[in-house]
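Numbering (our numbering), first residue to last: 327 to 898.
The C-beta atom is built at its ideal place from N, Cα and C for all residues, glycine as well.
All remarks here apply to the structure that follows.
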Amino acid sequence: MLRFQRSWSSQCLVHGDVHWRAPTAMIFCSVLGISVALVHHFFYNYMDKQVVGENQQWVTRAGTAAAFIVKLSLATATSIAYIQWLWFRLKTGHSTIEQLDSMFAVLGNAWEFLNLRFWLSRPLLTLSAAVTWLLPLSAIITPGTIIVQSTSYATQQPLTVTQRDYVTGEYYNFVLDGNTTVFQGAESVALPPVLFFNMAEGSLTTIPRDESDANITYTLAFEGPAITCSQVGNPTADYIGRALEEYQNMTQSRVTAASFVPQPGFGADMNGSFFNQSEVFTPPAGGASVLDTISEDASTIYMAVTVNFNVLPYVISCAYMNASYIVQFDLLANGQQHVTAETKFLNWITTQGKFLGLPYDNATLNTTLNFQALIYDMNFFMIGDISEPLGPNSTTGPGVTSIELEYASPKIRDLMSNVNNTESLDAPMSGLESIFQNFTLSARYGPIDHVTPSARQQLSNTITNATFFRFQNQYLYKPKDLLIAYGISIFWALICIALGAVAINSNGGSYSNNFSTVVRVSRGPELDRLIEEGADRSGADPLPDHIAEAEVTFGGQAEKVERLRSNTLLAG
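See the structure below:
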C-alpha cells in the first residue's frame, strides 16, 4: 500500500485558506448558465407569434448558441465540483491505481463507466460525473422549442358583393293588359343556366369571390321566398288519395309519385278527372298552371307518394312564404365554400296570374313578381308524375310525364321515389326545403359572368364588413419544453455544485484537475520503489498489473494506516 501523508498534510497546513479560483469558477459558471438559460427563454418568448422574416437563420443560430453556452457553463461547473469530490474520496478512502485512472479519466472518456461495480459503490462521485456527461442533452432539446408554422390571421375590411336586386331587377316575363300586369313565367335569360343545373342537383352554386389568397367570411341579410313542407292530414289527404286512385283506374296505370299544384276543380269534390287534365302534370311553359292561383293563403304544391296500392298515398304539401334570410358565407381560398342560412318566416306568398298596376313604378309589385318567378322555377321542376302502365288499355306511357322531372331534376325524383313509410317523409320534406333555399341563394348571389348586358344592369352592389383570414409563417414557442429541459439540467447541476462546495469545506482547500496536483500529492519513496526503471517509467499503455493493483492512500487516511501499523509492531 502506497501512502502519501507528507504531501497532503503539508498542502493543507501551509494553504489552510481555500483558494478562490475553483469556488469562483463554479459560482460564475453556474450563474452564467442560469442567466443565459433565462435569456434564451425570454428571447424565444419575444419571438413567439412574430412573423418569420429574413432573420430566421439568426434566430436559430441564437438559440443554438444560447443552448451551447448553458451546456458549457453548467458542465464546467459540475466538472470542477467532480474534482473536489474526487479528492475528498481520495482523502477518506483508498483506491487502486487502476481505479484512480478511471476516476481521473471519466470526464473525458465515458467508457470508464463500464466498471459498474466500482462506480455504483461511489454514488455521489458517479452522480457528478454522470451529470457532467448528460448536460449536453439540454442543448439538443432547447433549440427546437421554437418552430415555424403556418398560422392564420384575421383582418376586417369592406367587401363589395354583387347581387341580383329583387326590388329594381326584373327576372320574370310579363305582358301588359291595360293597367294590369299578366305574369308569364320566369325570365331565363336573366339567370345563368348554371343555376338550373344546380337546382336539378339540389346544390348551391359557386359563389363568386375575389382572387385573393385569403379565406373570406361575411354575413348578408335579405328578404326572399322560402318553402316549408309538412305531411297533409285528413280530409285533404283523403280526397287527394281517392281522386288519384280513380285516376289510376281510369288510365290503367300505377302512379308511384305525383306532384301538382291546385287547379280549378281541386277540393273535397275532386275526382280522377282532375289528374286527367293535360295541364296538371304537364303544364305549358310560361303558363299560370305552374302556379297555385286558387289558394287564398299560401301558394302550395302537393306531392303524393304511393307505397302500397292497398292504402291511400302519403301526401306532402309545401307552402311558399316570405322569409328573412341571414346568410353566413365562408369562402375558402382553395375554392371550397360553406354557406349556411337562417330563415324566419314572415307571411305567406299568394301567387296570381294577374296583378293590378304596372311593375315599372311599383317596387312592391316588382319584388312580388321576382319572388313569384323563383316559385315558378321550383314548381316547373317538381310538377309531374312517375307512373307505369298496368294493362294494354293504359292511356299512359311508362316512366315520368315531366321532362324536367325525368331528366333535369334527378334529385327531386329521387326524393319522391324513396318514400316507404311515414318516418321516411322527413327526407323529401327537408330535401325540398333545402333545394329551394339553395336555389334562392344561388339566384341572388350566384355567378354573373355569363349574364347578358341588360341583365348585368339589373345587378346591384352591397358593401359588408368581411373577415379575411390569411396565412403566414410565424414563430411558435413551446416554453414548457425549454423550461423542463433547462430546469432538470440546472437542478442536477446545482446538486453537484453543492457536493463540490461540501468537498472543498471538508478538504480545507480546492483542487485542480492538473498534472501538477497529482505530482505534488503523490511524490514519495514508496512510489519510486513501486515503479521500476524501464517500461514502467515510460508511461505508455498498457498499465502493468503490479502498478494497477497497488493501493494508494492520501493524507489523513495515510496517517491512520501508519498509526495502525505502529501499534501492531509495538504489540508484537
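- Item | Nonlocal neighbours in the same chain, by C-beta distance under 8 Å from T766, ignoring five residues either side | Here T766 has G550, P551, A552, Y651, L700 as same chain residues with Cβ atoms under 8 Å from its own Cβ, once five neighbours each way along the sequence are excluded.
Collapsed DSSP secondary structure at S786 in the structure displayed
DSSP places S786 in the strand class (E or B) of the three-state scheme.
Buried or exposed: which applies to Y479, given that a residue is buried once 16 or more other Cβ atoms fall within 10 Å of its Cβ? By the neighbour-count rule (16 or more Cβ atoms within 10 Å), Y479 is not buried but exposed.
* May I ask you to list the residues that DSSP assigns as paired with L484? => Sequence inspection shows Pro at residue 484; the Leu mentioned does not correspond to that position. Beta-bridge analysis with DSSP links P484 to N791.
Check your understanding: By the 10 Å Cβ neighbour count, where 16 or more other Cβ atoms means buried, how is W346 classified, buried or exposed?
Key -> By the 10 Å Cβ count, W346 comes out exposed.
Could you tell me the alpha carbon to alpha carbon distance between S760 and G528, rounded to whole angstroms? Cα to Cα, S760 sits roughly 7 Å from G528.
_Please report the distance separating the alpha-carbon of L716 from that of Q574._
If I take the Cα positions, the gap works out to 9 Å.
Mind checking which residues open and close the alpha helix (DSSP H) that includes F500?
Counting along the chain, F500 falls outside any alpha helix (DSSP H), though it belongs to the beta strand (DSSP E) covering 498-503.
Measure the alpha-carbon distance for Q589 versus T562 and round it to whole angstroms.
In this structure, the alpha-carbon of Q589 lies about 14 Å from that of T562.
- Express the C-alpha separation of C822 and L453 in angstroms, rounding to a whole number. Distance between the alpha carbons of L453 and C822: 7 Å.
Under the three-state DSSP convention, the category H420 falls into: DSSP places H420 in the strand class (E or B) of the three-state scheme.
* Report all residues from its chain with a CB closer than 8 Å to the CB of N602; omit the five preceding and five following residues, and keep chain order. => Answer for N602: Y573, M576, T577, listed in chain order.
Using the beta-carbon count (16 or more within 10 Å), is N660 buried or exposed? Exposed: under 16 other Cβ atoms inside 10 Å.
Handout entry: Which residues DSSP lists as bridging R739, in chain order
Key = In DSSP, R739 forms no bridge with anything.
| said: Given this structure, state the Cα-to-Cα distance separating Q331 from S421, to the nearest angstrom. | reply: For Q331, the predicted model reports a pLDDT of 44, less than 50, meaning its position is unreliable; a value from the coordinates is still stated below. Their backbone Cα atoms lie some 15 Å apart in a straight line.
> In terms of DSSP beta bridges, what is W437 paired with?
Replying inline: W437 pairs with nothing; no bridge assigned.
Option in I830, V365, F523 with minimal Cα separation from V396: Between V396 and the set I830, V365, F523, the nearest pair of CA atoms involves V365.
Is K806 helix, strand or coil when you go by DSSP?
Helix at K806.
Continuous beta strand (DSSP E) stretch holding S492: start and end: According to the sequence displayed, residue 492 carries Tyr and not Ser. Judged by DSSP secondary structure, Y492 falls outside any beta strand (DSSP E); it is assigned neither H nor E.
Exercise. If you check the beta carbons only, do I627 and V653 fall under 7 Å apart?
Worked result: Cβ atoms of I627 and V653: not closer than 7 Å.
Under three-state DSSP, which class holds G591?
-> In the three-state reduction of the DSSP assignment, G591 falls in the coil class.
### Query
Secondary structure at Y686, three-state DSSP: helix, strand or coil?
Three-state result, Y686: helix.
| How about T545 and D618: do their beta carbons lie closer than 7 Å? | Not closer than 7 Å, so no.
- Bounding residues of the alpha helix (DSSP H) (the contiguous stretch that carries A464): Just to set this straight, residue 464 is Ser in the shown sequence, not Ala. Taken as a continuous stretch (DSSP letters only), the alpha helix (DSSP H) holding S464 covers 462-467.
Rounding to the nearest angstrom, what Cα-Cα distance links T669 and N648 in this structure?
Cα-Cα distance, rounded: 10 Å.
Checklist entry - Would the stretch 485-495 and the stretch 689-703 be scored as touching if the rule is three or more Cβ pairs under 8 Å? => result Taking a cut-off of 8 Å on C-beta distances, the stretch 485-495 touches the stretch 689-703, as three or more cross pairs fall below it.
Q. Near L751, what residues of its chain come up, given a Cβ to Cβ distance below 7 Å and the 5 sequence neighbours on each side ignored?
A. Q557, Y640, I642, V745, listed in sequence order.
- So H310 is in the alpha helix (DSSP H); what residue range does that whole segment cover? Coverage of the chain is limited to positions 327 through 898, which leaves residue 310 absent and any answer about it impossible.
| field | First through last residue of the beta strand (DSSP E) which encompasses T582 | value | Unbroken beta strand (DSSP E) run through T582: 579-586.
Original post:
Hey, quick one: how far does the alpha helix (DSSP H) through E759 stretch, first residue to last?
Top reply: Residues 752-771.
Beta-carbon of A388 versus every beta-carbon of chain C: anything under 7 Å? Here chain C cannot be found, since the structure has a single protein chain.
### Query
Rounded to the nearest angstrom, how far is the Cβ of L645 from that of A630, given a contact under 8 Å?
First, the residue type needs correcting, since residue 645 is Ala and not Leu in the sequence shown. About 16 Å; that fails the 8 Å criterion.
Leaving out five residues before and five after Q917 in sequence, what residues of the same chain have Cβ atoms less than 8 Å from its Cβ? The question about residue 917 has no answer, for the chain in this structure spans 327 to 898.
Residue from F794, T793, A792, P773 with nearest C-alpha to L326 = The requested residue 326 is not part of the displayed model; the chain covers only 327 to 898.
- When F548, M708, T666, F523 are compared against P609, the one with the closest alpha-carbon: Of the candidates F548, M708, T666, F523, M708 places its Cα closest to the Cα of P609.
- Can you give me the Cβ contacts of N839 inside the same chain, cut-off strictly under 6 Å, excluding the 5 residues immediately before and after it? Around N839: I409.
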